[in-house]
Structure formats: C-alpha cells, structure tokens
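Here the sequence shown is numbered in the working numbering, starting from 60 and rising by one per residue.
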Amino acid sequence: MPPEELTIVQSLVEPGDPHQCSDSIDKNSILSHLLEPLVEKVENGYFRPCLAVEWGIKPDGLTWMFRLRDGVFFHNGVRLRAKDIVDNLRRIISPSVGGTYGTEGVYASYLGDARFDAISDEVFTIKTEETMPDLLDLLSEMPMGYGEEIDKITRNYIGTGPYRLGSKKSTEIELEVFNEYWGKKLPVNSLRFLSQSDKFRRAEMVLDRDADIGSLVGVEGKGLADTSDRVDVREFASWLCVIFMFNTFEGPCKDRRVRQALNHALDIEKIIDNIKDGAAEPLNGFLTPHHYGHDPQTESYSYDPDRSRNLLAEAGYDNGLNLVMDVPTAMPDEAPELAETMKTYYGQVGIDVEIKSYYNRPAYAEMVKEKRIHDLCCFDSSPKSTFRVLREKLISKFRGPWWQGYNNQEVNQLFFEATNTFDHEKRRGIYQTIYRIITSDAPWVFMYRPYLHWIIGEKADFWYPGPLGLTKIK
C-alpha cells in the first residue's frame, strides 16, 4: 500500500526556469509533478496525449492544429485555455529565458519564426517556417504554466500537474497532491524532495530511513542494497550517450580513417567493467536504443588494435600521432578516469595523448559551443530527440551549438528528406540510414550509455522509473 508521504533525496532540488532547455533529471523530476506538456514522449518516436488530446498537420506541411483536453484546471482553479499555451510558447522562445551549460536559444533556433494562435479556448495552431514532422519531440519537452502569470512561473510554478507547490527552500521542496487533477488520483498525498550532493550519502539516507527514494546513487550507492533486506534497487538504461567529439574542422581527426582508428583502439566493454562497474552498455552509434531511428543491426566498433594501427598507417601516421584531449572534471563525473584509460589504450597503437582538464563545467560547455576544442573532447549527448541530436550536433547546414565540423552531404540530404517526411515508418527508415552512415564516419568516439540507479526503502517498493528515467510518482 503506497504511503501518505514520500521523501525523495536527489543531488539538487532547485527546479529553476521550467522553460529553459534542460535534460537535468533532478530538475525535470520535480517539474514533471507540477507542470505538464502537450504530449508525452514514450520512446522510439511515439507520443501519448497529455494536455493536448488531438493534433494534426494541414496540407501545407507547416500548420499544426491542436485540441486541448477538456476539464483541465490549473492549481489556482482557473481552467486551461488555448491562450495559456500560446503565452507559454512565446515565452519559451524568448531570449529572456536564457539557459544553462550552453543551452541558451535552443528552442528559438527551431521555433523562433513560428506563429502561435489561439483559435478558440480549446484549439490553437502552430505555423512553422519550415516543415517539421518531429515537432512533437520539441513540444514534449515544454511544460505549460498558467498563462496570465507567465512572468511569475519561476516563483509560483502554477501548472496543471498532479501536485502543486507546497513550500520551497534551498535544500528542500514540498509538493502537495492537487485534488482537482484531471487524471487519475495518485497514490501519495505529498512529496518531499531533499538535496544531498553525495551519491553514497543519498543511499545511506534511505538505509537510515531518512528518505524513501535515493535518486541516481550510482554504483557507489547501489552496493548498499546488498547490506540490508530493507532496501532495493531500481535500474534504468538511460537515454544519455557518453562520447568524445572530434574536431573535424582541422587536424588529424579531420581524416575519417583516424577517427575510425580511435574507435577501434578502445576496449569499451572492459572500460565499462573497470570504470562503471559494468553499469553501462556500449553504443553502436550516436543514439541509444530508446531513440527513434536507432538501428540495432548496426555493428559497433570492435576492439581491434591491429586494425587501428593499419588505419593510422593508411592515413599517414605509421610513425605515431600526437593528440590533445579536452576533458571536464564533471558531467560525466568519470571523465578524468576515462581520459587516462583512453590515453593508455591509445599509447598501445602509437598515439600520444595530452590531456587538458577543465574544472569549470559551464565554461567548458561554452568552449565546446564556440568550437574551440583541441583534437577531441569529452561530452555527453543528452537530448531524447533524434531530430535535435542531428540538428544540434551533426548536420553541417545548421552549424548547431555542439557541431564540431562534421560534414557529409549524403547525411545532409537524407536529413532534409526526413524533415519533409511525415510518414512515421518512412522517416524512421531514413533516420536509420543516417545512423549507419554516421557510425561508419565516426565523428565521435562512441563510448556507452550509463545505467541509472535508485535505492528505495520499504515505503517506495511500488515505484519504478518511467520511460524517461525520471523520479516521478505515477
């Protein structure tokens, strides 16, 4: 039987601005209880209705029409109207919203020229400047607040979600069940989120009964479950891709053979065992199996030092190669250890690596965004949208924020074809073709997707992570 109250401990409890583009699990776990999007992403390009129950595209391929769910109320008792959605969308693309870790202006780059109109209280339209079959990808990331007080959304968080804001402090936030919620009544009446930056300590708090769910406790905290029969572990294979992006503007990594060699030089499974204690899964390209257009038949790069040396020799580096690798000290937290391990592997095939470490993670993100990396840089690819990953990181036409010079005209043309294909399965096929080409071209070192872990107490034994990997009660 679910309890009246649950206490969840995570790294941070500051929800921040709901309209900033962010893939933070901590932030989105809290916000997902308070505010809701028009549609909810499941996986593999599928969505289910949330605030919008019907949608469709007009023959022009530009104008989308949405019908809102009837009987939805905000936490202040006001009924949801189409005008609220329009007010939210206009704020989301506003430069005033800003961003974190280089995400400023991401949504504006897609919808900055779009037109939003409320046709009636129940119906609104979005007209884009270009065809965008993957528009729902973007809308699923955008929580909607009370439009009349949209300028106060970062303080009052008035939404339509199953919980409303109770109290908020720097280290604690309390949510109270919203009795007028349109959906099913949730089993827990109040949620308390606590902040604790140390992963192991989060797990200990559950063991000590100071919390019911310890979020993202890592392999460090996961081991505590073996010491007590009062706690259990929940595991989720994440949407995150841990990667190293190559500088393909200039230098040795402009050569496809060098990039392939650097992939073949690494024993990813052994790296996962040693650094992640087995809690990750090798990538076979730039997406995870959750992503729309991922191709499970694409072969990942095998560990083959001889093949690596041969490729380097073909590229003219049979006498060795010197590279400079940029590495942050966090996000991913294991980045320094990864870099040292990779340096050892690369040394075995004649590559000498100089590691440059960066302690200011936001500044590091800006450096990558400004395309000032050396030969390769550690990064993570977190968007759950294939459309976004391609446009922001890999399609040369857009020179996206994280694009580092990769240019394949066949990929560009296929992407243009995908953005004009509204048939779901045909578009998936195009993305899978793109996937295979990019894997072969190796603009990144494809490392792994980590597993996420929660440690749970007896009161939370009913809880499992949902399809997006959030700490969300449902």
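Idealized CB from N, CA, C, for every residue including glycine.
Cβ-Cβ distance between residue i and residue j below 8 Å
| i | j | result |
| --- | --- | --- |
| TYR160 | PRO421 | yes |
| ILE212 | ASN135 | no |
| GLY206 | ASP143 | yes |
| ILE46 | TYR490 | The chain is shown from 60 up to 533; residue 46 falls before or after that span and cannot be answered. |
| ALA501 | TYR405 | no |
| SER274 | ARG261 | yes |
| VAL412 | MET384 | yes |
| THR549 | SER81 | Residue 549 is absent from the structure shown; the chain starts at 60 and stops at 533. |
| GLY516 | VAL290 | yes |
| LEU97 | PHE125 | yes |
| GLN319 | LEU380 | no |
| ALA270 | THR66 | yes |
| GLY525 | LEU511 | no |
| PHE481 | ILE152 | no |
| LEU473 | THR492 | yes |
| ASP439 | CYS300 | yes |
| PRO202 | LEU94 | yes |
Between the CA atoms of residue j and residue i - distance to the nearest angstrom
| i | j | result |
| --- | --- | --- |
| TRP522 | GLN407 | 46 Å |
| ARG315 | MET401 | 19 Å |
| SER455 | ILE84 | 29 Å |
| ASN322 | ARG366 | 10 Å |
| MET429 | THR403 | Contrary to the premise, residue 429 reads as Glu rather than Met in this sequence. Rounded to whole angstroms, GLU429 to THR403 spans 29 Å at the Cα level. |
| GLN69 | PRO61 | 20 Å |
| PRO108 | ASP363 | 47 Å |
| ARG140 | ARG128 | 9 Å |
| LEU453 | ASN238 | 45 Å |
| ILE178 | LYS258 | 49 Å |
| GLY282 | GLU102 | 29 Å |
| HIS349 | ARG268 | 34 Å |
| TRP503 | THR347 | 14 Å |
| THR286 | LEU71 | 26 Å |
| PHE132 | ASP180 | 13 Å |
| GLY130 | ASP288 | 44 Å |
| GLY75 | GLU189 | 31 Å |
| PRO395 | THR388 | 6 Å |
8 Å contact criterion, which residue i and residue j should meet: CB distance rounded
| i | j | result |
| --- | --- | --- |
| THR184 | ASP196 | Their Cβ separation, rounded to whole angstroms, is 18 Å, which puts THR184 and ASP196 out of contact at 8 Å. |
| PHE345 | PHE505 | 7 Å |
| GLY459 | ARG450 | 6 Å |
| PRO311 | LEU194 | At roughly 39 Å, the Cβ-Cβ gap does not stay under 8 Å, so PRO311 and LEU194 are not in contact. |
| LEU397 | ILE334 | 6 Å |
| THR534 | LEU90 | For residue 534 there is no data in the structure shown, the boundaries of the chain being 60 and 533. |
| TYR417 | VAL386 | 7 Å |
| GLU358 | PRO341 | In fact, because the Cβ distance is near 11 Å, the residues do not count as touching under 8 Å. |
| ARG19 | GLU208 | Residue 19 lies beyond the stretch modelled for the chain, which goes from 60 to 533, so this question has no answer here. |
| TRP461 | VAL427 | 6 Å |
Residues that DSSP places opposite residue i in a beta bridge
| i | result |
| --- | --- |
| VAL386 | SER416 |
| PHE438 | ILE302 |
| PRO509 | ALA339 |
| ALA111 | LEU127 |
| LEU250 | LEU65, LEU234 |
| GLY459 | In DSSP, GLY459 forms no bridge with anything. |
| SER499 | DSSP lists no partner for SER499. |
| SER226 | GLU233 |
| GLY273 | VAL68, ILE514 |
- Task: Give a yes or no on contact between the segment 144–160 and the segment 229–243, applying the rule of three or more CB pairs nearer than 8 Å.
- Result: no
- Task: Mind the definition here: the segment 463–477 touches the segment 372–384 only if three or more C-beta pairs lie below 8 Å; say whether that holds.
- Result: no
- Quick check: the segment 490–500 against the segment 291–303, are there 3 or more CB pairs under 8 Å? Because the criterion of three Cβ pairs below 8 Å is not met, the segment 490–500 and the segment 291–303 do not touch.
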